[in-house]
Amino acid sequence: MTILFVADLHLHSGIPGIADGFIAYLRHRAAGAEALYILGDLFEGWIGDDGCGPFENRIIDALRQCSDAGTAVYFMHGNRDFLIGEEFARRAGATLLDDPTPIELEPGSPALLMHGDSLCTMDEEYMQFRAMTRDPEWQRRTLAMPLEQRQALAGQLREHSASANRDKQDEIMDVTPQAVIDIMAEWNVSTLIHGHTHRPAEHELTLPDGTPARRHVLGDWHADSGWQLRLEHGRLTLERFTLSALTD
1 MTILFVADLH LHSGIPGIAD GFIAYLRHRA AGAEALYILG DLFEGWIGDD
51 GCGPFENRII DALRQCSDAG TAVYFMHGNR DFLIGEEFAR RAGATLLDDP
101 TPIELEPGSP ALLMHGDSLC TMDEEYMQFR AMTRDPEWQR RTLAMPLEQR
151 QALAGQLREH SASANRDKQD EIMDVTPQAV IDIMAEWNVS TLIHGHTHRP
201 AEHELTLPDG TPARRHVLGD WHADSGWQLR LEHGRLTLER FTLSALTD
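Counting with UniProt numbering, you get residues 1 to 248 for the letters of the sequence shown.
Below you can see the structure in the form of structure tokens.
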């Protein structure tokens with residue numbers, strides 16, 4: 001049994017090499033796996049399922065081929081593609097997941113899956129933004145806008161985010177250690193898997209009851225490389241790989 005976890009590909013037409021690499025990944029790495037979990041920010045931006053163009057449709061078709069071949073595909077919203085909806089999931093053959101979502105890596109071994117942005121509680125400005133954009137009523141009003149207005153709004157939000165982040169200290173944009181402890185204790189898990197921070201690593205920690213725990217942080221993809229967390233034979237392994245090495 002092989003289960004794969006990825007996040008933070010930030011796919012967009014301006015860097016086609018990452019999209020090409022991801023499609024090759026679906027065909028040659030995800031093919032044959034029991035499941036593929038995409039933990040947010042698959043796309044750099046998403047203005048609604050009705051805004052798909054040739055670039056987005058190509059990714060959706062590749063996901064569908066992977067799903068039809070027998071790999072269960074799961075998708076969790078990120079801070080860039082939180083407007084992905086049921087139509088995307090239907091076309092891609094994917095299942096939308098809540099954030100957070102508990103799963104069993106194997107019988108008796110629970111883990112918690114998250115995008116990771118909700119753990120960055122020291123970034124108060126971002127947490128306010130997140131609360132606004134995840135509000136169902138805000139999303140309903142936004143999706144009711146004409147496509148051109150949504151495109152303009154997405155550009156404004158990206159510009160504001162880039163400007164705000166330039167002045168923030170690195171530790172503010174990382175997860176808050178106590179938030180990690182609290183969420184793992186709340187869900188009674190000793191394994192947490194998330195992305196968002198672009199700081200791939202495996203962290204050892206101890207829960208309040210003395211239980212040893214581990215936090216696996218997925219890396220972001222670039223034009224020449226990608227990251228995955230692989231579950232095989234009961235062992236989780238964080239791996240970086242070269243996209244050009246994926247045969248297509």
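Note that the Cβ used here is the ideal one computed from N, Cα and C, for glycine as well.
In whole angstroms, what separates the C-alpha of Leu36 from that of Leu4?
5 Å
Anyone know if the C-beta pair for Leu113 and Thr101 falls short of 8 Å?
yes
With DSSP as the reference, please indicate the residues paired to Val217 in a beta bridge.
His194 and Ala201
Can you tell me which residues form a DSSP beta bridge with Val180?
According to DSSP, Val180 bridges with nothing at all.
Nearest to Phe151 by alpha carbon, out of Thr191, Arg64, Cys52 and Ala245?
The sequence shown places Gln at residue 151, rather than the Phe named in the question. The residue from Thr191, Arg64, Cys52 and Ala245 with its alpha-carbon nearest to that of Gln151 is Cys52.
Nearest-angstrom Cα distance between Leu218 and Arg141?
32 Å
What are the start and end residues of the alpha helix (DSSP H) that includes Ala89?
Glu86 to Ala92
For Ser109, name the three-state secondary structure that DSSP assigns.
strand
Close beta carbons around Leu143, own chain, < 7 Å, minus the five adjacent residues each side:
Gly48 and Leu83
Could you check the C-alpha separation between Leu26 and Gly195 for me, to the nearest Å?
19 Å
May I ask you to list the residues that DSSP assigns as paired with Ser225?
DSSP lists Thr242 as partners of Ser225.
Could you compute how far the alpha carbon of Ala139 sits from the alpha carbon of Thr133?
Here the sequence assigns Gln to residue 139, which means Ala is not the residue at that position. Distance between the alpha carbons of Gln139 and Thr133: 7 Å.
Across which residues does DSSP place Val189 in a beta bridge pair?
Partner(s): none; Val189 has no beta bridge.
Ordered list of beta strand (DSSP E) runs contained in the segment 23 to 96, each at least 3 residues
35 to 38 and 72 to 76
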